[in-house]
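The block underneath contains the structure these notes are about, expressed in structure tokens.
Protein chains: 2
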Amino acid sequence: MLKLTRKLEYALIALRHMQDKGDTFISAKEIADMYLIPRELLAKTLQQMVKLNYIKAAQGPHGGYRVRKGLTEISMTQFMEDLEGPMGIVDCNINAECIQLENCNIRLPIKKINSNIRAIFNEIRVGDITS
Amino acid sequence: MLKLTRKLEYALIALRHMQDKGDTFISAKEIADMYLIPRELLAKTLQQMVKLNYIKAAQGPHGGYRVRKGLTEISMTQFMEDLEGPMGIVDCNINAECIQLENCNIRLPIKKINSNIRAIFNEIRVGDITS
DNA sequence: GTTATACCCGACTAAAATAATCGTATTAAT
DNA sequence: ATTAATACGATTATTTTAGTCGGGTATAAC
Numbered sequence: 001m002l003k004l005t006r007k008l009e010y011a012l013i014a015l016r017h018m019q020d021k022g023d024t025f026i027s028a029k030e031i032a033d034m035y036l037i038p039r040e041l042l043a044k045t046l047q048q049m050v051k052l053n054y055i056k057a058a059q060g061p062h063g064g065y066r067v068r069k070g071l072t073e074i075s076m077t078q079f080m081e082d083l084e085g086p087m088g089i090v091d092c093n094i095n096a097e098c099i100q101l102e103n104c105n106i107r108l109p110i111k112k113i114n115s116n117i118r119a120i121f122n123e124i125r126v127g128d129i130t131s
Numbered sequence: 001m002l003k004l005t006r007k008l009e010y011a012l013i014a015l016r017h018m019q020d021k022g023d024t025f026i027s028a029k030e031i032a033d034m035y036l037i038p039r040e041l042l043a044k045t046l047q048q049m050v051k052l053n054y055i056k057a058a059q060g061p062h063g064g065y066r067v068r069k070g071l072t073e074i075s076m077t078q079f080m081e082d083l084e085g086p087m088g089i090v091d092c093n094i095n096a097e098c099i100q101l102e103n104c105n106i107r108l109p110i111k112k113i114n115s116n117i118r119a120i121f122n123e124i125r126v127g128d129i130t131s
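For the record, the sequence lines run as chains A and B. First residue of the first sequence? That's 1 in my numbering, and the numbers climb one at a time after it. First residue of the second sequence? That's 1 in my numbering, and the numbers climb one at a time after it.
The following block contains the structure:
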């Protein structure tokens, strides 16, 4: 329980690697080979980050990806939710369609824990991990 | 991502309900019906908590479960790990058998986040949720 | 001592979430 | 043209989580 997804790990590893390389375009292949990440999966994740405007892509030979300035300022909460959808330790924090709801006797304390966890990720910037 | 399991939710709901009822034995059926929890699943969870000495069981008619004194002092970390095994936002915090390891470029910051999350659950007692 | 109610427990199945792969198209440098 | 790269939807596989089933044991009430 309480795990990050691989996709997020791969994304962070890739971002860090690209960041280390400055402005040059890095191919998905290079990263996948270096960190033993499944190539297609990483590619998809990178493509998602392009759509999110986190990184910039260049096609063709010598193409690849590079990090956009400003990415490092984004909070981990936003980063995680952009890539994986809403975060919450229980479903009722997300969709509120819980058959318990009315009777639930632990809602408030759970809610509090949830905001404590969010607070952690709010205070961390992507750059804290990737630079 | 970052979700608690249903089992943990059910366990906490049950504990709180039992605690509200003081010293009388409460059947799994009563709790399952009241909170719309699958009966067998709840039963299994309660049995697990008996083994952990969290609660006491009584068999036969008018039997059921009641909370043991002292349970409320246990930390959520311990509670969660007793019921669900080791907690960690990434696997390498748990079993260290990660093919990246050597090359991994985000280990330290991730580790730090991990201990922040553990810290939250260390500071919360089960009783903070169930009473 | 029979019955009804409840816990005990392991094996099993189902469902959902996550992870990974495949196929085809597009782009651009050489 | 060829090659090396991204783009992207569809599909499959794996793992984790959730839930069910069947047979057993204890005990209170009658």
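Backbone N, C-alpha and C fix where the C-beta goes; we use that ideal spot for every residue, glycine too. Treat the numbers as computed from the prediction; the structure is a model and nothing was measured.
Collapsing the DSSP output to three states places isoleucine 26/B in a strand. Isoleucine 74/B and valine 67/B have their C-alpha atoms spaced approximately 13 Å apart.
Think of a sphere of 7 Å around the beta carbon of arginine 16/A: the chain B residues whose beta carbon falls inside it are Asn105, Ile106, in chain order. In the DSSP assignment, glycine 64/B falls outside any alpha helix (DSSP H) and within the unbroken beta strand (DSSP E) covering 64-67. Beta-bridge partners assigned by DSSP to alanine 58/A: Gly64/A.
For the segment 3-29 of chain B, the set of positions with a beta-carbon nearer than 8 Å to some beta-carbon of chain A reads Lys3, Leu4, Thr5, Leu8, Glu9, Leu12, Ile13, Arg16, His17, Asp20 in chain order. Interface criterion met: the Cβ of tyrosine 35/B is under 8 Å from a Cβ in chain A. Between the alpha carbons of leucine 41/B and methionine 34/B lies a distance of about 14 Å. Annotation for leucine 46/A: Ala14, Ala28, Ile55, Tyr65 place their beta carbon closer than 7 Å to its own, counting only its chain and skipping 5 residues before and after. Chain-ordered listing is empty here: chain A has no CB closer than 9 Å to the CB of asparagine 53/B, the nearest sitting near 21 Å. Proximity of chain A to methionine 49/B at the Cβ level (cut-off 9 Å) is not reached, the minimal Cβ distance being about 15 Å.
The criterion of a C-beta distance shorter than 8 Å is satisfied by isoleucine 89/A and lysine 3/B. Here DSSP, grouped into helix, strand and coil, assigns serine 131/A to coil. At a cut-off of 8 Å between C-beta atoms, glutamine 78/A does not count as an interface residue with respect to chain B.
Classified as buried, isoleucine 129/B has 16 or more neighbouring CB atoms from the shown chains inside 10 Å of its CB. Distance from the CA of arginine 39/A to the CA of alanine 58/A, rounded to the nearest whole angstrom, comes to 17 Å.
The alpha helix (DSSP H) runs of length 4 or more contained entirely in the segment 70-99 of chain B are, from start to end of the chain, 76-84.
Beta bridge pairing from DSSP links arginine 125/B with Ser75/B. Residue contact check for isoleucine 31/B against chain A: no CB pair falls below 8 Å. Inclusion of leucine 36/A and isoleucine 99/B in the CB contact set at 8 Å is warranted, their separation being smaller than that value. The distance from the Cβ of threonine 72/B to that of valine 126/B is about 6 Å, consistent with a contact at the 8 Å cut-off. Across the set Gly22/B, Gln48/B, Lys21/B, the C-alpha of Gln48/B shows the shortest separation from the C-alpha of phenylalanine 79/B. Nearest neighbour of alanine 43/A by Cα position, chosen from Leu8/A, Asn116/A, Glu123/A, turns out to be Leu8/A. Under the Cβ criterion of 8 Å, valine 67/A is not counted among the residues facing chain B. By the criterion of a C-beta distance shorter than 7 Å, glutamine 19/B is surrounded in its chain by Val67, Thr130, Ser131, once the five residues flanking it on both sides are discounted.
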